[in-house]
Each structure stands twice: as structure tokens, then as C-alpha cells.
Amino acid sequence: MLTANTRAAGLSAHITGTGPSIVFLHSLLSDRGSLEPMVPLLSDSFRLVLLDLPGFGGSPRVDGGLDGQADAVAEAVAEACPGETPILFGNGYGSFLALATALRHPQLSSGLFLAGCGAGFTEEGRGAFRFMAAKAGEEGLESIAQTAMLRLFPAAMAARVPQTLAERRAAFVATDPDVFREACGILATLDLKEAARRLAVPVFACAGALDAATPPVMAQELADLVPNGTFHEIPDCAHVPTLQAPAEVAVLLTGFARTLDASSAPLAASRAG
Numbered sequence: 001m002l003t004a005n006t007r008a009a010g011l012s013a014h015i016t017g018t019g020p021s022i023v024f025l026h027s028l029l030s031d032r033g034s035l036e037p038m039v040p041l042l043s044d045s046f047r048l049v050l051l052d053l054p055g056f057g058g059s060p061r062v063d064g065g066l067d068g069q070a071d072a073v074a075e076a077v078a079e080a081c082p083g084e085t086p087i088l089f090g091n092g093y094g095s096f097l098a099l100a101t102a103l104r105h106p107q108l109s110s111g112l113f114l115a116g117c118g119a120g121f122t123e124e125g126r127g128a129f130r131f132m133a134a135k136a137g138e139e140g141l142e143s144i145a146q147t148a149m150l151r152l153f154p155a156a157m158a159a160r161v162p163q164t165l166a167e168r169r170a171a172f173v174a175t176d177p178d179v180f181r182e183a184c185g186i187l188a189t190l191d192l193k194e195a196a197r198r199l200a201v202p203v204f205a206c207a208g209a210l211d212a213a214t215p216p217v218m219a220q221e222l223a224d225l226v227p228n229g230t231f232h233e234i235p236d237c238a239h240v241p242t243l244q245a246p247a248e249v250a251v252l253l254t255g256f257a258r259t260l261d262a263s264s265a266p267l268a269a270s271r272a273g
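Take 1 as the starting number for the sequence shown in the UniProt record's numbering and just add one per residue.
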């Protein structure tokens with residue numbers, strides 16, 4: 001795993017590459033290591049800021065629920081990317097946190113690229129988070145590690161990548177159980193659907209066709225809700241596209257960045273004139 005080489009407003013981060021910045025927020029069932037395959041694919045064109053979410057890795061916990069975490073991420077982005085409005089990339093829990101950050105700090109970023117995302121869960125989805133939180137509280141994360149890994153990797157896919165699965169499992173069980181339970185509680189009550197209608201920046205919402213944790217219909221709904229949204233389904237991919245389809249994610253992310261550059265060029269020209 002890439003080791004942290006800096007801190008941004010107290011959050012642990014690894015920063016590498018050259019170019020316009022992209023800030024990466026990992027999923028609840030993983031850690032910053034799940035983002036590493038993107039580094040060699042993107043670091044020649046972009047400056048990559050890989051954050052440990054509050055309470056994960058070397059980052060301290062913060063109070064205030066999702067809003068408090070969004071404010072902490074906003075401070076880290078502002079410190080790590082001075083004078084920029086970077087793209088925020090989020091996967092899973094990181095996508096909900098990126099969305100909340102953009103809603104609370106609309107001038108912070110130029111766009112959101114969200115993988116395994118949505119604006120809220122069904123009652124069945126909420127129940128899954130309540131179950132995992134209760135089980136983790138009673139018996140620890142080891143007791144739900146298999147369930148968590150199946151949410152990341154379907155069984156057939158897991159059989160093809162045993163080493164990756166072992167790494168992800170180790171990262172999961174090393175998570176602070178209280179941080180995990182708090183995040184599950186946030187996701188079990190999350191509803192950003194009305195707020196998403198007022199989002200100020202473009203959103204590229206994608207999902208793996210095999211994603212059982214955040215099914216593609218959730219990403220489609222989010223893309224339809226926001227004023228400027230695009231939906232894309234990634235075939236033969238589950239909940240962690242950065243591990244399961246990194247080359248496709250790199251192409252999609254680069255294309256999204258170019259779209260943002262093209263849309264901002266006329267505005268810059270008009271201001272100059």
C-alpha cells in the first residue's frame with residue numbers, strides 16, 4: 001500500500017503525479033489501498049490526492065456525522081489543492097461523502113466522479129447496514145468480514161483474485177469498529193435526494209454491473225436527480241471499479257476531466273473579454 005507522505009488539514013494523504021488535481025475518497029469496506037491501481041494510469045496527467053477518510057488509516061475521527069466528515073474533507077481539499085477546484089472522486093461510502101461535501105461546499109470542486117454511488121438506499125439496503133452495525137458491535141468486524149467481502153467481490157470474481165481479496169479483507173478487519181458502526185448508521189438513514197437536485201457541479205455516476213452493495217439503479221437515479229448528471233454502467237465489475245476495472249475507470253475519468261475543461265473554457269474566455 002502507498003504510505004502517506006503528507007497530511008491535509010489533519011487527514012492522512014498520499015499525493016503524487018503532475019497536472020490538475022483529483023481527490024480520491026475510498027469506500028467503507030476498503031481503504032486507500034483500493035485506489036492504488038489508478039496511480040500508474042493517471043499520475044502522468046493528473047496530480048492525485050489519495051485521502052484516508054476521517055477515522056480510517058492515519059486520519060483521526062471527527063464529530064458531527066456526515067456533515068462533520070464532509071467539512072473535514074473540504075478543509076483537506078482546500079489545503080491540499082490551493083487555488084484549484086479539483087475533481088472529487090468517490091467510491092462507495094466515499095461517493096456519499098463526496099456528494100455531501102459538494103453540497104455543503106459548492107465552490108470547492110469542479111465536478112464529481114462517483115463509483116458505486118447514489119443519493120439514498122432502499123429499505124432493504126438500509127437493513128443491511130443496520131445488520132452489519134449490530135453484528136460488528138456484538139462480535140467485531142471479523143464476524144462480518146465474509147459478508148463484507150461478498151459485497152465487494154461476487155464469489156466468482158473473488159476466486160480469480162485471491163491475493164487482492166486477502167488484502168482487502170485484512171484492511172477491512174483493521175478498521176476501527178466504532179468508525180464502521182457510525183458509518184453504517186449514517187448510510188442506514190442517508191437521504192440526499194432532494195438536496196442533490198440543487199447540486200452545483202456536474203456528476204459522472206457509474207456503477208459496476210455486478211455491484212450488490214450499491215446497485216447500478218442507484219447511480220442511474222442520482223444521475224437523473226442532479227442538474228448535470230451522466231450515468232455509465234461498467235460491465236463485469238462489482239463495487240470497487242478502481243480494483244476491478246481500473247483501465248476503464250482511467251479512460252472515463254480522463255474523459256470527464258476533458259469535458260469539464262471544455263465547458264469551463266468559454267466561461268474563462270468571456271471573463272477575459
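C-beta atoms are modelled at their ideal positions from N, C-alpha and C, and glycine is treated no differently.
Can you have a look at residue i and say buried or exposed, based on whether 16 or more other CB atoms are within 10 angstroms of its CB?
i: LEU258; result: Looking at the sequence provided, one finds Arg at residue 258 rather than Leu. ARG258 is exposed by the Cβ-count criterion.
i: THR6; result: exposed
i: VAL49; result: buried
i: THR18; result: exposed
i: SER263; result: exposed
i: ASN228; result: exposed
i: ARG151; result: buried
i: ALA119; result: buried
i: residue 296; result: Given a span of 1 to 273 for the chain in the structure shown, any question on residue 296 remains unanswerable.
i: ARG160; result: exposed
Kindly indicate which three-state DSSP category residue i falls into: helix, strand or coil?
i: LEU35; result: helix
i: PHE46; result: coil
i: PHE231; result: strand
i: SER270; result: Note that SER270 has pLDDT 40, beneath the 50 cutoff, so the model's placement of it is unreliable and the number below is only indicative. Three-state result, SER270: helix.
i: residue 294; result: Nothing about residue 294 can be read from this structure; the chain reaches only from 1 to 273.
i: LEU28; result: coil
i: SER109; result: coil
i: LEU199; result: coil
i: SER95; result: helix
i: SER263; result: helix
i: VAL77; result: helix
i: GLY125; result: helix
Whole angstroms are fine: how far does the CA of residue j sit from the CA of residue i?
i: GLU36; j: GLY55; result: 19 Å
i: LEU165; j: MET149; result: 7 Å
i: GLU232; j: PRO82; result: Correcting the residue identity first, residue 232 is His in this sequence and not Glu. If you take the alpha carbons of HIS232 and PRO82, they lie about 31 Å apart.
i: MET1; j: VAL39; result: Residue placement at MET1 is poorly supported in this model, since its pLDDT is 49, which falls under 50; the coordinates still yield a value, given next. Spanning the two alpha carbons is a distance of roughly 12 Å.
i: GLU124; j: GLY185; result: 14 Å
i: LEU11; j: LEU29; result: 19 Å
i: LEU243; j: SER34; result: 6 Å
i: ALA102; j: ARG169; result: 30 Å
i: ASP63; j: GLU182; result: 10 Å
i: LEU88; j: LEU192; result: 17 Å
i: THR122; j: ALA133; result: 17 Å
i: ILE22; j: LEU66; result: 21 Å
i: ALA223; j: ALA205; result: 6 Å
i: ARG130; j: ARG197; result: 27 Å
For the alpha helix (DSSP H) containing residue i, list its first residue and its last residue.
i: ARG181; result: 177-189
i: PHE89; result: Looking at the DSSP string, PHE89 is not in any alpha helix (DSSP H); the run it does join, the beta strand (DSSP E), is 87-91.
i: THR242; result: 241-244
i: LEU152; result: 145-152
i: residue 276; result: Since the first residue of the chain shown is 1 and the last is 273, residue 276 is not available in this structure.
Could you spell out where the beta strand (DSSP E) holding residue i opens and where it closes?
i: ARG7; result: 6-8
i: GLY17; result: 11-17
Any Cβ of chain C within less than 8 Å of the Cβ of residue i?
i: PHE113; result: Judged by its chain identifiers, the structure shown contains no chain C, having just a single protein chain.
Would you be able to state if there are at least three C-beta pairs under 8 Å between the region 208-224 and the region 113-125?
yes
The region 70-85 in contact with the region 100-109 per 3-pair CB rule at 8 Å:
yes
Do the region 190-210 and the region 159-177 touch if we need at least three Cβ pairs shorter than 8 Å?
no
Pair every Cβ in the region 132-140 with every Cβ in the region 235-243, then say whether three or more of these pairs are closer than 8 Å.
no
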